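For the protein sequence lines, the chains are A and B, in the order given. The first sequence runs 1 to 132 under the working numbering. The second sequence runs 1 to 87 under the working numbering. All residues carry an ideal CB built from backbone N, CA and C; glycine is no exception. These numbers were taken from a predicted model, which means no experiment stands behind them.
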Amino acid sequence: MSTGKNQLFNQKIQVMNNYELMVIFTPVLSEDDFKSAQKKYQDFIKENGGDTVASNPWGLKSLAYPIDKKTTGIYWVLEFTGPATINEKLKVQFLRDEQIMRHMITKLDKYAVEYNHIKRNGGFPVHKAQEA
Amino acid sequence: MAKNEIKYLTAIKQEKPKKKFCRFKKYGIKYVDYKDIEFLKKFINEQGKMLPRRLSGNSLKYQRKVADAVKKARQMALLPYVTDLLK
Chain A
1 MSTGKNQLFN QKIQVMNNYE LMVIFTPVLS EDDFKSAQKK YQDFIKENGG DTVASNPWGL
61 KSLAYPIDKK TTGIYWVLEF TGPATINEKL KVQFLRDEQI MRHMITKLDK YAVEYNHIKR
121 NGGFPVHKAQ EA
Chain B
1 MAKNEIKYLT AIKQEKPKKK FCRFKKYGIK YVDYKDIEFL KKFINEQGKM LPRRLSGNSL
61 KYQRKVADAV KKARQMALLP YVTDLLK
């Protein structure tokens, strides 16, 4: 019984999950630095057994409230797949990085993946549902 | 005695209030996106507080999801925690 459970547990570790990452970089970052930072983290995810699904740099955006006495930030949204162990490693990297003011990793359920997929391809799931 | 002199103890309601509905169930929305601020603003008041279910009409399942999405948006400075005159 216990070995069976162990096998199940080992299998579960291998399961790839869908995640979404949102990072707010400090607004003093230059365009090139922003791009190299994006590349750095995408490579980091690849090294740790994950893969990028979609990258979406929002660019400079005003914040709803000041963070670190700054009123603007550079937003970056990344959708990726990876094993569950990747998040702790990413978190350490983010906290060490002085260019990053804030970050958040969200786990996506199947509806979220579908929503993001439709949104990327130009459609809006809300309107589609209304027609149906 | 004229017939139109009938008086009621309590006023009769002329119009039935419109039945509220859960827009997520009606339109088949399965996922509440924390990045879609314009959509989330429908569920918060001018001070940036969440509207109760009795006003928004959401079912409990989706009210929880909206709450999660609003909280995530606040963390990432997409929505304010406290404000005035949001709308």
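In the structure shown, B:K30 falls within a coil segment according to DSSP collapsed to helix, strand and coil. Identification of chain A residues near B:Q75 by a Cβ-Cβ cut-off of 7 Å yields M104, ordered along the chain. Listed along chain A are Y65, each with a C-beta nearer than 7 Å to that of B:Y81.
The CB of A:I24 comes closer than 9 Å to the CB of M76, A77 in chain B, given here in chain order. The Cβ-Cβ distance between A:N48 and A:K107 does not fall below 7 Å.
Per the Cβ contact rule, the segment 14-21 of chain A is in contact with the segment 63-79 of chain A (3 or more Cβ pairs under 8 Å). Here DSSP, grouped into helix, strand and coil, assigns A:E88 to helix.
Secondary structure in the segment 33-103 of chain A: the alpha helix (DSSP H) runs of 4 residues or longer, each lying completely within the stretch, are 86-96 in chain order. For B:K25 against B:S56, the beta-carbon gap comes to about 13 Å, at or over 8 Å, which does not count as contact. In terms of CA proximity to A:I67, A:H103 leads the group A:K35, A:P83, A:H103, A:K40.
Cα atoms of A:V28 and B:K71: separation of roughly 27 Å, rounded to the nearest angstrom. Taking 7 Å as the cut-off, the beta carbon of A:Q42 is found closer than this to the beta carbon of A:T52.
Beta-bridge annotation (DSSP): A:L21 is paired with A:L78, A:I105. Contact annotation: in the segment 3-36 of chain B, residues whose CB is within less than 8 Å of a CB in chain A are Y27, G28, I29, K30, Y31, D33, Y34, K35. Between B:P80 and A:A64 the beta-carbon gap is near 4 Å, inside 8 Å, which marks them as a contact.
Contact between B:A69 and B:L40 holds, since their C-beta atoms are separated by about 6 Å, short of 8 Å. For A:G73, the chain B residues whose Cβ falls inside 8 Å of its Cβ are A77, in order along the chain. At the C-beta level, A:T72 and A:L60 come within 7 Å of one another.
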